Structures are given as C-alpha cells and as structure tokens.
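Note that the working numbering has the sequence shown beginning at 28, numbered continuously upward. Think of the CB as a built atom: it goes at the ideal place given N, C-alpha and C, for glycine as much as any other residue. Note that this is a predicted model, so its numbers are computed, not measured. Quick notes on the structure that follows.
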Amino acid sequence: MLLDLLHWLALPASLTARRLGHAGDSVRLAARSRRCRRAWAPHLAAAQDAVRAAMENLPRRDTIVVLGSGLLDDVPIDDLAGAFRRVVLVDAVHPWRSRWRARAHRNVARLTFDLSGTEGLLLGRSDAFGPALPPVCREADLVVSANLLSQLPILPVARLEAAGRLGPWTDPDAFGRRIVAAHLDALGSLSARTCLVTDLDEAEEDRDGRVLERIDLLYGIDPGPAPRHWDWVLAPFGEASRDRRLVHRVAAWPDWRPGA
Numbered sequence: 028m029l030l031d032l033l034h035w036l037a038l039p040a041s042l043t044a045r046r047l048g049h050a051g052d053s054v055r056l057a058a059r060s061r062r063c064r065r066a067w068a069p070h071l072a073a074a075q076d077a078v079r080a081a082m083e084n085l086p087r088r089d090t091i092v093v094l095g096s097g098l099l100d101d102v103p104i105d106d107l108a109g110a111f112r113r114v115v116l117v118d119a120v121h122p123w124r125s126r127w128r129a130r131a132h133r134n135v136a137r138l139t140f141d142l143s144g145t146e147g148l149l150l151g152r153s154d155a156f157g158p159a160l161p162p163v164c165r166e167a168d169l170v171v172s173a174n175l176l177s178q179l180p181i182l183p184v185a186r187l188e189a190a191g192r193l194g195p196w197t198d199p200d201a202f203g204r205r206i207v208a209a210h211l212d213a214l215g216s217l218s219a220r221t222c223l224v225t226d227l228d229e230a231e232e233d234r235d236g237r238v239l240e241r242i243d244l245l246y247g248i249d250p251g252p253a254p255r256h257w258d259w260v261l262a263p264f265g266e267a268s269r270d271r272r273l274v275h276r277v278a279a280w281p282d283w284r285p286g287a
C-alpha cells in the first residue's frame, strides 16, 4: 500500500487525471501486472501479435496512433518505432514505465487525451460528450485501440453511480453503452486501418472450473465477429480471492471495420 502511494505521488499525471481517478487506476494496473506477470504473459503476447498483424501489407507506414497505450505491456513498441516514421501514444496518463520503454525511440511522441469523451461531464463543465478521438487519428495510417474499449466506461460509470446524475445522464448502463458505442463509431469513421483489441466479458470461476458469474464488459454492444480470440486470466487464484479467479474473454481484429 505504501509503495502504491509513493508511485501515485511520483506519477507524471495532471491534477485532472488525479481527480478523475486515472492516476490511481494506472498505479493499480502497474501493481497487478507485476503480481500477475506469469498469468498475463499469454494475453500480452497475443495482443502484441494482433498489432503486428495489423502492420502487414499497409500501403504506407508514416504514422501510427496507439489509443490506450498505458504501460505498453500489450504494445510491441520497438516494432512500431522501427516500422513507422511517427508513433503517437495516447492515454489519460503516461506512467514512468511506458516512458522508460519508449526512451530509445526519438520518433515516439506522447499525447494526453480523454478517450472516453466524458471529462467535461465528470467535471461539471459540460452536458455533452467531448470528442472520442484526438485529431491526429485523421492523419494516421494505422490506429490501434489497445485493450481500451471495455476500460473506457469504468470510471465514468462509477462516478455516475456515486453522484446519481451527470448532466442529463442518470442511467449507468445507458451511459456505459454510449461510451462504448462512441469509441467504435469514432474508429469506424477513420480512413486509417484500425486494429481493435478488447476484452468482451468477465467470468468468475471456482477451482472446479464452474462459472459463478459472467459480466458483459461492453454493455451489450457487439463489435462483430473477430478473427482472433483468447482467454486472459486477469486475476488468478489468490489475487482477488483464494478460491476464485477472474477470466476475461478477449477478441482482436487486426483490421476492424464496422459491420464487417
């Protein structure tokens, strides 16, 4: 706990990112990734392979934008920096760990952006959603949404549940569904190739393999049939509970298109 507090204090994050919980989320993610390194390894390797597949046969490799770059655990940053003239990492927080991993590449840039589009709502500055993607996506040859889609609604929905109302929104499920849909709509409007990697649902399993509960992480929205699927043991036995584990079903589209 004390180590997490020190990491939170040292994290290069804005006051807004701290107020909205992004800094805390980043610290907790880094801590869990260290504890669950072995359990996460197959998922991270599969996610990186999906990104590499998305790079194949691109007619141009000038700019790639990675949405939800986070810790860069699921992003083959060395491959991207070697293949593209410019790599733009986009997230609400860019922790020291990702900065360190990208340090050797002079063509890697960081952009801090609210990819949920809810910052104005959460801060009481607006009753409307903001843009879901930064303008640089319009210039890109490849845009990667890296294990981001299911994460976007988490903090905004929690804030709505606590407050009871955010602007015109009072229904947490409708709010979460709107955030997920807005991200997919924004990706679908791009001329760039889009690589989408996202977890779809979460299953709580006991030691006998029985599913005790399953949660739809995308609020009923279906991105379409995916060419790649795998399971991610997010919380192995002993992480969240001694006799329970959390398993996410993950899908990847190296070339995602709406309705395809």
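Residue from Leu42, Glu188, Phe202, Glu232 whose Cα sits closest to the Cα of Ala155: Among Leu42, Glu188, Phe202, Glu232, the Cα nearest to that of Ala155 belongs to Phe202.
Cβ separation of Ser125 and Leu107, assumed to be a contact under 8 Å, to the nearest whole Å: Wrong, their Cβ atoms sit about 13 Å apart, outside the cutoff.
Check whether Thr139 and Ser41 have beta carbons under 8 Å apart: With contacts defined by Cβ atoms closer than 8 Å, Thr139 and Ser41 form a contacting pair.
Alpha-carbon to alpha-carbon, Val117 and Leu47: Straight-line Cα distance between these residues: approximately 17 Å.
Burial state of Pro281 (16 or more Cβ within 10 Å): The Cβ neighbour count for Pro281, taken over all protein chains shown within 10 Å, is at least 16; the residue is labelled buried.
Per-residue DSSP class, three states only, for Cys63: The three-state reading of DSSP puts Cys63 in coil, since its state is none of H, G, I, E or B.
Where the beta strand (DSSP E) containing Asp235 begins and where it ends: Counted as a single uninterrupted DSSP element, the stretch harbouring Asp235 is not any beta strand (DSSP E), since DSSP gives it neither H nor E.
Boundaries of the beta strand (DSSP E) in which Val93 is found, first to last residue: Annotation for Val93: the continuous beta strand (DSSP E) segment containing it runs 90-94.
Own chain partners of Pro122 with C-beta closer than 7 Å, once the 5 adjacent residues on each side are dropped: Taken in chain order, the residues that qualify are Leu38, Ser53, Ala57, Leu98.
Alpha-carbon to alpha-carbon, Ala267 and Arg234: Within the model, the alpha-carbon separation for Arg234 versus Ala267 is close to 13 Å.
Counted within 10 angstroms of its Cβ, other Cβ atoms place Arg112 as buried (16 or more) or exposed: The residue is exposed, with fewer than 16 neighbouring Cβ atoms inside 10 Å.
Buried versus exposed, by CB contacts within 10 Å (16 or more), Ser172: Here Ser172 is buried. Its C-beta has 16 or more other C-beta atoms within 10 Å.
Cβ separation of Arg271 and Glu232, assumed to be a contact under 8 Å, to the nearest whole Å: Contact between Arg271 and Glu232 holds: their C-beta atoms lie close to 7 Å from each other, under 8 Å.
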